[in-house]
Amino acid sequence: MPGESGCGGGGGGGIGGGGMAAAATGAVRQAKQKRKSHSLSIRRTNSTEQERGGFLQRDLHLDTQESKLPTALRSNLLDLFGQIEREFENLYIENIELRREVDALNERLSGDGQAGDGADLAKGALKTKTSHSTSQLSQKLKTTYKASTSKIVSSFKATTSRAVCQLHREYAGHRDGIWDLSTSRTQPTVLGTASADHTAMLWSIETGRCLLKYLGHQGSVNSIKFHPTEQMALTASGDQTAHVWRFLVQLPAPQPVAEVPPPCEDEADFSDKDDGGEAEADGPPAAAAAASECPTVRAAVTALRSHQGVVIAADWLAGGRQAVTASWDRAANLYDVETSELVHSLTGHDRELTHCCTHPSQRLVVTSSRDTTFRLWDFRDPSIHSVNVFQGHTDTVTSAVFTLGDNVVSGSDDRTVKVWDLKNMRSPMATIRTDSAVNRISVSASQRIIALPHDNRQVRLFDTSGVRLARLPRSNRQGHRRMVCCTAWCEDNASCNLFTCGFDRQALGWNINIPALLQEK
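This note's numbering puts the first residue of the sequence shown at 5, with every later residue one more than the last.
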């Protein structure tokens, strides 16, 4: 009996174990049946395809006379297309099986009260589903981020471009690109432009009319600067000279300003597209005709000659009795304007100079060069002429200018702008990184705002701490259509306080609402 009871107990245990084994066996049998039905469906598909291939072969024999392809080539093509179709049908069958499994998992998760998320469904066997769901989630996050970012950018454009930076006037009349521009320091205040068409022009800021044209140079006019106290202009040219010439202008009666429509939020931005043709870049014919009829000056009061290469820039030293020039012959020269005599030759740069600038109140000069450096020349002590070299850029330094205080701001083709302290020039106070090469920059005297002209036709505004304030509107209705070469501030004019010029042969006057600009900051 103990043996029987033992057998019975063992039997009972056997019955329990047999039940689990039977369940496992059933599951295995069910899986085998699934695979078998799957393989049978594939076999049926293959057999069907073989039959279809036979039909195609028969059709091939029937249509041999109609097709111009060789029989062997056509047979090979039909065979390849048949294989492709079979592969797609196999994938389709596998997809159906996967969908059934996903539906079963969905029902099970719904019964457990869990969400049927794609990332939760793909645990265990469906690793491919996990990666697919993860990629979908990341794509959704990217789309959401882009949407929110675009809303921020649209909001920025709507407030800054319309309320803070508005196009005021266009100055068209040059027949080639405009390299440089500046405003006079004496009354009446006029705008001066220097162009590759061998001319310099003076413009009425309010009306946009050409007041005077200087025709004394035999080469491209590369820069223009006005005397601090007299109605004289200093121009540098590709004819290896710099000229000092006098002007006398009378402003015309002011005309109503044409309303320039602000860009719409959905208006296309053509910053990376060449949207202007040559006819469009020439400016309005009426403006060109008016510019050709304005008074001309052909003779210079003084010609500064001693360079052996293109004179790329020139500026007045504080006081207006001396002038400094920068040339492609790797030297900068200091002249006495009254006698035209060379006072100092500032040598040391290893490559061509690109720009020169003088301090507004002190006898300091900064020169820029393609050798990736800029140099500070000190003439405050007549007996000592010191020079400091600064290597803060990795490409051509296109310009370096003084601020009203003790700072120097340098711009470069390495797409950076750096702010330096004259008392400690070892490292920059701020570095501005941009997406395009920077040309001749300017800094407003009162608010210390830097205007950056770019090769990509944009103009951006930053403060001297490196914070971006705004970007000037640039669309198919307003803005430059070619590279922007130079910017110049004129804070004495209430309606038009920033000017820009470029290769599109026009200068533009902008109204920058500085209080609103700083408030947006």
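Beta carbons: idealized from backbone N, C-alpha and C, even for Gly.
| Asked | Found |
| --- | --- |
| Hey, how far is the Cα of V447 from the Cα of S349? | 28 Å |
| Flag this pair as touching only if the region 473-486 and the region 390-402 have three or more C-beta atom pairs under 8 Å; answer yes or no. | no |
| Do W207 and L195 have their beta-carbon atoms positioned less than 7 Å apart in this structure? | yes |
| Leaving out the 5 sequence neighbours to the left and right, which residues in its chain are closer than 6 Å to D333 when beta-carbon positions are compared? | H311, Q312, G313 |
| Measuring CA to CA, which of N392, G181, S403, T402 is closest to N428? | N392 |
| Have a look at R461, A449, G212 and flag the residue whose alpha-carbon is nearest the alpha-carbon of D439. | R461 |
| Am I right that S372 and S331 are in contact with their C-beta atoms under 8 Å? What's the rounded C-beta distance? | S372 to S331, Cβ: 12 Å. No contact. |
| Do the region 444-458 and the region 404-418 touch if we need at least three Cβ pairs shorter than 8 Å? | yes |
| May I ask you to report which of helix, strand or coil DSSP gives F507? | coil |
| Give the straight-line distance between the Cα atoms of S431 and N411, rounded to the nearest whole angstrom. | 12 Å |
| Does DSSP put A492 in a helix, a strand or coil? | strand |
| Taking 7 Å as the cut-off, decide whether the C-beta atoms of L308 and A237 are in contact. | no |
| Beta-carbon separation of D243 and Q222 under 7 Å? | yes |
| Take the Cβ of K576 as the centre, count every other Cβ of all protein chains shown within 10 Å, and call the residue buried at 16 or more, exposed below. | No information on residue 576 is available, as it lies outside the stretch 5 to 525 that the chain covers here. |
| For P477, count neighbouring Cβ atoms within 10 angstroms of its own Cβ and tell me buried if that reaches 16, exposed if not. | buried |
| Thinking just about the alpha-carbon of each residue, which of Q191, P232, N515 is nearest to the one in P364? | P232 |
| Consult DSSP for N497 and reduce its assignment to one of helix, strand or coil. | coil |
| On a Cα-Cα basis, can you pick out the residue from K229, G177, W381, E105 that is closest to G506? | G177 |
| With DSSP run on the structure shown, which of helix, strand or coil describes A108? | helix |
| Going along the chain, which unbroken runs of the beta strand (DSSP E) with 3 or more residues stay wholly within the region 358-424? | 368-373, 378-385, 388-394, 401-406, 411-416 |
| Can you tell me where the beta strand (DSSP E) with W332 in it begins and where it stops? | Counting along the chain, W332 falls outside any beta strand (DSSP E), and DSSP gives it neither H nor E. |
| In terms of alpha-carbon separation, which member of K72, V442, W249, G212 lies closest to T358? | V442 |
| Could you pull out every residue in the same chain whose Cβ sits closer than 6 Å to the Cβ of M205, ignoring the five residues on either side in sequence? | T197, C214, K217 |
| Quick one: residues in its chain with C-beta nearer than 8 Å to the C-beta of G352, no 5 flanking neighbours on either side, listed in chain order? | R379, V391, V393 |
| Would the beta-carbon of N337 fall within 7 Å of that of T343? | no |
| In angstroms with no decimal places, state the Cα-to-Cα distance between Y96 and T75. | 32 Å |
| Of the choices E234, W249, I209, whose alpha-carbon is the least far from that of G220? | W249 |
| On the CB-based measure, 16 or more other CB atoms within 10 Å of its CB, does R103 come out buried or exposed? | exposed |
| Determine, using beta carbons only, whether S224 and A318 come nearer to each other than 7 Å. | no |
| According to DSSP, I228 sits in a beta bridge with which residue or residues? | T239 |
| Given this structure, state the Cα-to-Cα distance separating K40 from R90, to the nearest angstrom. | The predicted model places K40 with a pLDDT of 49, which falls under 50 and marks its position as unreliable, so this point remains unresolved. |
| For P192, collect the residues of the same chain with a Cβ closer than 6 Å to its Cβ; drop the 5 residues on either side in sequence, then sort them by chain order. | L255 |
| Quick check on the burial criterion: 16 or more other C-beta atoms within 10 angstroms. Buried or exposed for K72? | exposed |
| Would you report the Cα separation of K422 and S296, rounded to the nearest angstrom? | 41 Å |
| Using three-state DSSP, classify P432 as helix, strand or coil. | coil |
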